[in-house]
Every structure is written in structure tokens, then in C-alpha cells.
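Reading through the C-alpha cells given below for one structure.
Numbering (this note's numbering), first residue to last: 216 to 366.
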């Protein structure tokens, strides 16, 4: 069973995003330095804040580098955690719909990877394998969240 990891803070997610990106990536995408964002990631520094626009830009840059989207994942995790005890039919239905969406994405990625005209031909190359694994993880995360919502 997949265990949902707790990302405890924006600061942790921001540090993960910064680890995924070079100084140049950060500067090119936000016009700010990596050190500026390190200040934002310092929980003791109450004078520097992470703007939503910058968080989005950092996640987009991280995704372009195939390193995921730690800040978006944090937001989704916090929302899921807040809603996990909100056990009603609507939230279960909502979870099932999202799970169906993730399964559809997994099926599409897998079908493209197995297409004879894909980069790996009929065998799955490493890039395609990574995409399938990522899509599969999204399905597993939604299943785990659904399990939590019905407990």
C-alpha cells in the first residue's frame, strides 16, 4: 500500500523545488535569485515571503526538468489532509472522479509508450517508463487518499 508522505510546510516544499533547479533556472524563470528563495524557506525569517506567482513559476521550471511539482503537491496534500475527515458522499464521489481521471492519464501514457511509432518502438524506453511510473504514482496517491477519506 502506498503511504502518503506528509509534507509539513511550504518551507520544505520550497527547499525541494530549489534542490530541483539550478541557480540559472531559478533566475530565468522568476527574475529572482536562489538565495532570495532560501530566505523564504527559512521558517525563522518572518520578513521574506513566497509569492504564489513565484511558486507556480518554480513548479513549472521543476516540471520542465522532469522533477515534479513540490509546491503544487504540498497544496494538494494540505487540502486532502484538511478534507480527510470530511466523510460524506460528495467527497468520496469527488475522489473517485479524480481517480478515474488519473487512471485515464495512466492508460493514455502507457498506450503512447507501447505504440510502434513511439520513440522506443514496441518496447518502453526510459523516458516512457518514467512517465508511466509518474502516472501510476498519481493513481496510487489517489487510492491512498480515498482509503483515508472512508476510514
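No residue lacks a Cβ here, since even glycine has one placed at the ideal position from N, Cα and C.
- Contact check between the region 267–284 and the region 308–327: fewer than three CB pairs, one atom from each, fall below 8 Å, which does not count as touching.
- Going by beta carbons, residue 252 and residue 233 fall inside the 8 Å limit.
- A residue is called buried once 16 or more other Cβ atoms fall within 10 Å of its Cβ, and residue 346 is buried on that count.
- In its chain, beyond the 5 residues on either side, 313, 314, 317 have a beta carbon closer than 6 Å to the beta carbon of residue 357.
- The alpha-carbon separation between residue 272 and residue 244 amounts to approximately 6 Å.
- Going by C-alpha positions, residue 237 is about 8 Å away from residue 249.
- The alpha-carbon separation between residue 229 and residue 340 amounts to approximately 31 Å.
- Counting along the chain, the unbroken alpha helix (DSSP H) around residue 295 starts and ends at 285–298.
- Just so you know, the alpha carbons of residue 226 and residue 257 end up roughly 7 Å apart.
- Sixteen is the threshold: when 16 or more other Cβ atoms of the shown chains lie within 10 Å of the Cβ of residue 354, as they do, the residue is buried.
- By the 16-neighbour rule on beta-carbons within 10 angstroms, residue 286 is buried.
- The beta carbon of residue 282 sits closer than 7 Å to the beta carbons of 235 from its chain, once the five residues preceding and following it are set aside; these are given in chain order.
- Here residue 326 is not near residue 335, since their CB atoms are 8 Å or more apart.
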